[in-house]
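Participant: Submitted below is the structure of interest, expressed as structure tokens.
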Amino acid sequence: MSPLTARVEALLFAAAEPVTPVALAQAAGVSEAEVGLALSELTSHLEQEEHGFALAAVAGGYQLLTREAHADAVTALLQRRRPPLTRAAMETLAVIVFRQPVTRAEVDDLRGVRSEGALLTLVERGLVAEVGRDPGPGRPMRYGTTRRFLEYFGLRDLTDLEAAKAALAQRVADSEEPA
Amino acid sequence: MIDRLRQLAAALEGGGEDPAKLQVAAAFTDLDAAYAASDLDDQSLALTLAARAVELKARALLPGAVPAEEPGPEDAAEETPEALAQRLAAYDAFREAAQVLRTYEEARSQRFGRPAAPAPGPADPPPVPFETLLTMFAAIWERARADGRTVARQELTVLARMDELRAVLRAAAGPVAFEALFAGDARRMQVIVTFLALLELVRLGHAVLLQEEPFGPLAVVAAAVAE
């Protein structure tokens, strides 16, 4: 492993959040291209040596994460597991993810029930945030996903959900066609 | 339940099976599961949909009860069965999209990164012992007593002083020395009012006391700044 790769590994180890290539380059005092090569070498190294953690591309950056194979052991050690989102919160989030920016009323209309509580939960957990106001009557707040959303779901960016988005759009279009 | 409700809506449009044969009661079977989940949102959703299923069934069986062809003004906002079927179909699609997100959530929950270290500074300050606060206050108190020999009627209230302190802390946009908050208080009563106001701000969570090291200087920061 080259000294630069080792340095990048140290930076990623010390960081609690995904680190962008730009930030890595600045901290290491090298160019982004050099960081890119170091990341490639680090990925190969961690794969070949069968380390307990791997390099993951998350939220526009990179992060060292333990491998799934060791999840039970790590959970036993840390004695913690983050609670999953409730079904209502997940459905509300799905509407926001695939229709953002969207108002609460639009979410309510689609779900047929009030989503205020679920939306508040999502905002409190930092998964969605206010991203502006709708120009319509009352100028209601619009919501969209955050960087924390990408981190929470382990997504590189929203394009990771393109396939799901396309399938969803097709199904919605089908439902709107007259029988 | 969604599927059963959509089936009902389709039947009402005339393209499905005989509405009378649709088992609305079956739509309620998921209620037990919803309540067992003890999630208020799930419970309200299940109840709403079950109620809607009953309404649709009643319309199917008693077509004269609600004039579907010529709705009155009060029914203008009523969702037609066709619109309902469309909405439920779209909702169903989003529910499946939620399942996609769930798979990502489950996969990510199996992997662990370094936990975030507690942020140093005002966002997570170490608690300042009350004895320390009293010691600091005692010094100010002694100075005030030495300076002030007269007891004058005080017009400044704790509430008003709280507002003043809030303004000072906000304007500072950072920690303010504890002693500095008493800079204008020459008399004992003024010192007391300021101290009570500060305690109240801390109690309400509007201000945070900071002491970076034992016996170090005490500082105060607005909670908004601390966040």
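Taken in order, these protein sequences are the chains called U and X. All you need for my numbering is the position in the first sequence, starting with 1, plus 1477. All you need for my numbering is the position in the second sequence, starting with 1, plus 2. We put the CB at the ideal spot given by N, CA and C, even for glycine. Since the model is a prediction, treat every value here as computed from it, not as a measurement.
1. Around the Cβ of methionine 1478 of chain U, are there at least 16 other Cβ atoms within 10 angstroms (buried) or fewer (exposed)?
2. Please classify glycine 74 of chain X: does DSSP put it in a helix, a strand, or coil?
3. What do you reckon, are the CB atoms on leucine 200 of chain X and valine 178 of chain X nearer than 8 Å?
4. Flag this pair as touching only if the stretch 1570–1580 of chain U and the stretch 92–105 of chain X have three or more C-beta atom pairs under 8 Å; answer yes or no.
5. Could one say the Cβ of arginine 61 of chain X lies closer than 8 Å to chain U's Cβ atoms, at least one of them?
6. Determine whether the beta carbon atoms of proline 1578 of chain U and tyrosine 1620 of chain U lie at a separation below 8 Å.
7. I'd like to know if the stretch 163–177 of chain X and the stretch 136–145 of chain X are in contact, where contact means that at least 3 CB-CB pairs between them fall below 8 Å.
8. Leaving out five residues on either side along the sequence, give the residues of the same chain with a beta carbon under 8 Å from the beta carbon of phenylalanine 1490 of chain U.
9. Any residues in the stretch 1610–1633 of chain U with a beta carbon nearer than 9 Å to a beta carbon of chain X? Which ones, in chain order?
10. Does any C-beta atom of chain U lie closer than 8 Å to the C-beta of glycine 123 of chain X?
11. What separation, rounded to the nearest whole angstrom, lies between the Cα atoms of alanine 1646 of chain U and glutamate 1509 of chain U?
12. Please confirm whether proline 117 of chain X has its beta-carbon closer than 8 Å to some beta-carbon of chain U.
13. Pull up the CB-CB distance for leucine 1481 of chain U and alanine 1515 of chain U, whole angstroms please, since I reckon it's below 8 Å.
14. Tell whether a beta-carbon distance below 8 Å holds between leucine 1627 of chain U and alanine 1531 of chain U.
15. Between leucine 1488 of chain U and chain X, is there a C-beta pair that is closer than 8 Å?
16. Under 8 Å by Cβ, that's how I've got serine 1605 of chain U and leucine 1599 of chain U pegged, so tell me the actual separation to the nearest angstrom.
17. For glutamate 1601 of chain U, which of helix, strand or coil comes out of DSSP?
18. Specify the secondary structure class of alanine 182 of chain X as computed by DSSP and reduced to three states.
19. Between which two residues does the beta strand (DSSP E) holding valine 160 of chain X run?
20. If you follow the beta strand (DSSP E) that alanine 1536 of chain U is part of, which residue opens it and which one closes it?
21. Checking contacts by CB at 8 Å: is glutamate 181 of chain X closer than that to chain U?
22. Let's see if you can read the secondary structure: which residues bound the beta strand (DSSP E) around glycine 218 of chain X?
23. So which residues on chain X does methionine 1567 of chain U lean against when the C-beta distance must stay under 7 Å?
24. Please list the partners that threonine 1543 of chain U has in chain X, where partner means a Cβ-to-Cβ separation under 7 Å.
25. Can you check whether the C-beta of leucine 1562 of chain U is within less than 8 Å of a C-beta belonging to chain X?
26. Between the Cα of leucine 203 of chain X and the Cα atoms of X:Ala225, X:Arg113 and X:Pro83, which residue gives the shortest distance?
27. Along the chain, where does the beta strand (DSSP E) that runs through valine 210 of chain X open and close?
28. Who are valine 1496 of chain U's beta bridge partners in DSSP?
29. Quick one: is arginine 205 of chain X buried, meaning 16 or more other Cβ sit within 10 Å of its Cβ, or exposed?
30. Quick one: what's valine 1579 of chain U bridged to in DSSP?
31. Give me, in chain order, the residues of the same chain whose beta-carbon lies closer than 8 Å to that of valine 1608 of chain U; leave out the 5 immediate sequence neighbours on both sides.
32. Would you decide whether proline 129 of chain X is buried or exposed? Buried here means 16 or more other CB atoms lie within 10 Å of its CB.
33. Indicate the three-state DSSP secondary structure (helix, strand or coil) for valine 1548 of chain U in the structure shown.
34. Under a CB-based cut-off of 8 Å, is arginine 1558 of chain U close to chain X?
35. May I ask you to report which of helix, strand or coil DSSP gives phenylalanine 114 of chain X?
36. Taking 8 Å as the threshold (C-beta atoms), are alanine 1566 of chain U and glutamine 112 of chain X in contact?
Facilitator: This is what the structure gives:
1. exposed
2. With a pLDDT of only 45 at glycine 74 of chain X, under the threshold of 50, the placement of this residue in the model should not be trusted; the figure read from the coordinates follows. The answer is coil: DSSP assigns glycine 74 of chain X none of H, G, I, E or B.
3. no
4. yes
5. no
6. In this structure, tyrosine 1620 of chain U lies closer than 8 Å to proline 1578 of chain U by Cβ.
7. No, the stretch 163–177 of chain X is not in contact with the stretch 136–145 of chain X.
8. Leu1541
9. Glu1628, Tyr1629, Phe1630, Gly1631 and Leu1632
10. Because the pLDDT at glycine 123 of chain X is just 45, under 50, the model does not fix this residue reliably, and the point stays unresolved.
11. In a straight line, the C-alpha of alanine 1646 of chain U is about 37 Å away from that of glutamate 1509 of chain U.
12. yes
13. Right, their Cβ atoms sit about 5 Å apart.
14. no
15. no
16. In the sequence as displayed, the identity of residue 1605 of chain U is valine instead of serine. Right, the Cβ-Cβ distance comes to about 5 Å (below 8 Å), so this counts as a contact.
17. Assignment of glutamate 1601 of chain U by DSSP, reduced to helix, strand and coil, places it in the helix class.
18. The three-state reading of DSSP puts alanine 182 of chain X in helix, counting H, G and I together.
19. First-last for valine 160 of chain X: 160–174, but that is the alpha helix (DSSP H), not the beta strand (DSSP E).
20. It is not in any beta strand (DSSP E) - alanine 1536 of chain U carries neither H nor E in the DSSP assignment.
21. Not flagged as an interface residue toward chain U: glutamate 181 of chain X, since no C-beta distance is shorter than 8 Å.
22. Looking at the DSSP string, glycine 218 of chain X is not in any beta strand (DSSP E), and its letter there is neither H nor E.
23. Chain X residues near methionine 1567 of chain U: Ala100, Leu103 and Arg104.
24. Neighbours of threonine 1543 of chain U on chain X, chain order: Arg113 and Phe114.
25. yes
26. Nearest option by C-alpha distance: X:Ala225.
27. 209–212
28. U:Tyr1539
29. Result: exposed.
30. BP columns for valine 1579 of chain U point to U:Tyr1620.
31. Gln1577, Pro1578, Arg1619, Tyr1620 and Gly1621
32. When all chains shown are included, proline 129 of chain X counts as exposed.
33. The sequence as given places alanine at residue 1548 of chain U; valine does not occur at that position. In the three-state DSSP reduction, alanine 1548 of chain U falls in the helix class (H, G or I).
34. yes
35. coil
36. no
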